[in-house]
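Structure record follows, encoded as structure tokens.
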Amino acid sequence: MVQNWTIEVMVNFISGIPYFLSFSLLYQHFRKHKDPILFALMITWLTYGLYWISNGFAYLFLNTDIFRINKVLLLISTVSMIIGFNFMMRQNINPFEISIVILLNGLILYAIQDTSSVVIELLDNGDQTVAHSGNVRNLIFMLGIFMSIFYLYYTYKIYQISSEQNKQYALLVLIGAIIFGPVVIISFMLRLGTIIPGISALLSGIGVLLTTIGIQKSPHLIYILSAKAIKLNVVDEERGLTLYTYDFRPDLIDAEDALIVSVIESISNFAQEVLQKGRIKEIILDDGLIYISRSAKYKIHFILISNTQSRVLKQNLEVFVNMFINNFKEELNKRTTPVIEITEFKKADNVIPIAFPYIPSS
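Each residue of the sequence shown is one higher than the one before, counting from -14 in the numbering used here.
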């Protein structure tokens, strides 16, 4: 079998390396946390890497069948990217975004069956290559633009609300998206691939690796879009007294603390005494969620109200619980006396940035 060793072939093979490195870096975190976002991104980078490697084999053997079949990898990678970033934002899938991607991929898979949709042509340097033509070329370009805008939008949102301590890593994630998206599209429009064969594959791989390194350095970046805390209350269970309250978003809730506490206490008592099913840990609402943690020793409820379900918020609440108890043991023990100095607990404001370091406050 004649082999068509060209610069384009070698660049496409090399381009798989940053994708597989990105997969490996994410896999290290996935083994510990088993998070669906990490899993979706792992599948995205793995299948994208295989896509470019398979392109390399298509160029090497001038095989149009490989060039057609690997569009299945393109389908898997783009769909899994949508799922991954959707879960970053809202813990569910955006039907509009996923529908656009499935539609474009479906049209590509249909159009690619036409024998004239894939051709063998000459590059400017005289090398032979396999290329798309007609509708397939246009559809893949449209898919590329959509995915680039999608990728750039979500990573910009991450950069926009990231804390100062994580800004440099969020910037790395954003730069990766810029290279993967606008830079690759510009290189495609300028037909740089005819001058530097395989440049699009290499640039996209570099972009993905930069994004992954940013995530590896600060894994919580993938959660900050969905981790939207609204209000935190610390409640004396026996007296029904609010010891401490913190408003992450005072513009979203204007109810009195006493009302919030009484409702939670009523539901909790109903579950424990009437239903005898134990204490409530979460209350799921249509547009929000209430996390409830309890200190059995001090008989305190910690109530965190959020506008979305988030694993990182739940973890942050437990960190706050431990820090609050450790920092205010003396004050908590004073509750046995008739007078309780509630103002002492206001110092817990200093604990908030430590316990909730990745949660935007507005």
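We put the CB at the ideal spot given by N, CA and C, even for glycine. Note that the structure is a prediction, hence the values are computed from the model and not measured.
Backbone secondary structure at residue i - three-state DSSP
i: residue 70; result: helix
i: residue 86; result: helix
i: residue 106; result: strand
i: residue 324; result: Low local confidence applies: a pLDDT of 47 at residue 324 is under 50, so the model's placement there is unreliable, with the coordinate-based value given in what follows. Correct three-state label for residue 324: coil.
i: residue 208; result: coil
i: residue 112; result: coil
i: residue 296; result: helix
i: residue 138; result: helix
i: residue 337; result: helix
i: residue 147; result: coil
i: residue -4; result: helix
i: residue 203; result: coil
i: residue 284; result: coil
i: residue 183; result: coil
i: residue 53; result: helix
i: residue 122; result: helix
i: residue 342; result: coil
i: residue 331; result: helix
i: residue 19; result: coil
With 16 other Cβ atoms within 10 Å as the buried cut-off, status of residue i
i: residue 88; result: exposed
i: residue 281; result: exposed
i: residue 211; result: buried
i: residue 311; result: exposed
i: residue 291; result: buried
i: residue 267; result: exposed
i: residue 295; result: buried
i: residue 349; result: Look at the range of the chain in this structure, -14 to 347, and you will see that residue 349 is not part of it.
i: residue 0; result: buried
i: residue 64; result: buried
i: residue -13; result: exposed
i: residue 159; result: buried
i: residue 188; result: buried
i: residue 118; result: exposed
i: residue 313; result: buried
i: residue 26; result: buried
i: residue 91; result: exposed
i: residue 401; result: With the chain running from -14 to 347 in the structure shown, residue 401 is simply not present.
Rounded separation between residue i and residue j - CA only
i: residue 37; j: residue 219; result: 53 Å
i: residue 169; j: residue 287; result: 48 Å
i: residue 7; j: residue 200; result: 10 Å
i: residue 148; j: residue 195; result: 19 Å
i: residue 336; j: residue 204; result: 21 Å
i: residue 55; j: residue 338; result: 47 Å
i: residue 103; j: residue 116; result: 6 Å
i: residue 179; j: residue 44; result: 14 Å
i: residue 4; j: residue 306; result: 40 Å
i: residue 105; j: residue 46; result: 11 Å
i: residue 122; j: residue -10; result: 24 Å
i: residue 79; j: residue 111; result: 45 Å
i: residue 174; j: residue 113; result: 20 Å
i: residue 59; j: residue 132; result: 11 Å
i: residue 101; j: residue 94; result: 14 Å
i: residue 309; j: residue 223; result: 18 Å
i: residue 324; j: residue 315; result: With a pLDDT of only 47 at residue 324, under 50, the local geometry of the prediction cannot be trusted, and the value read off the model is given with reservation. Taking the straight line from one Cα to the other gives about 14 Å.
i: residue 342; j: residue 277; result: 20 Å
i: residue 31; j: residue 191; result: 14 Å
i: residue 129; j: residue 171; result: 11 Å
i: residue 73; j: residue 297; result: 11 Å
i: residue 209; j: residue 15; result: 18 Å
i: residue 289; j: residue 234; result: 12 Å
i: residue 137; j: residue 303; result: 33 Å
i: residue 376; j: residue 225; result: Summary: the structure shown does not reach residue 376, with the chain confined to residues -14 through 347, and so no result is reported for it.
Paired residues, beta bridge with residue i - DSSP
i: residue 197; result: Answer is none; residue 197 lacks a bridge partner.
i: residue 117; result: 103
i: residue 276; result: 267, 289
i: residue 226; result: 221
i: residue 232; result: 216
Closest by C-alpha distance to residue i, when choosing among the options
i: residue 70; options: 134, 300, 120, 48; result: 134
i: residue 293; options: 76, 123, 101, 23; result: 76
i: residue 317; options: -12, 86, 285, 119; result: 285
i: residue 217; options: 187, 208, 166, 275; result: 275
i: residue 108; options: -6, 145, 226; result: -6
i: residue 198; options: 224, 234, 161, 171; result: 161
i: residue 232; options: 213, 223, 224; result: 213
i: residue 53; options: 61, 40, 62; result: 40
i: residue 186; options: 202, 206, 165; result: 165
i: residue 230; options: 13, 329, 156; result: 329
i: residue 265; options: 273, 279, 18; result: 279
Residue i: CB within 7 Å of a non-hydrogen atom of the ligand NAP
i: residue 41; result: Among the components modelled here there is no ligand, and therefore nothing to report on the ligand NAP.
Short CB-CB distance (under 8 Å) between residue i and chain D
i: residue 109; result: No chain D is part of this structure, which consists of one protein chain only.
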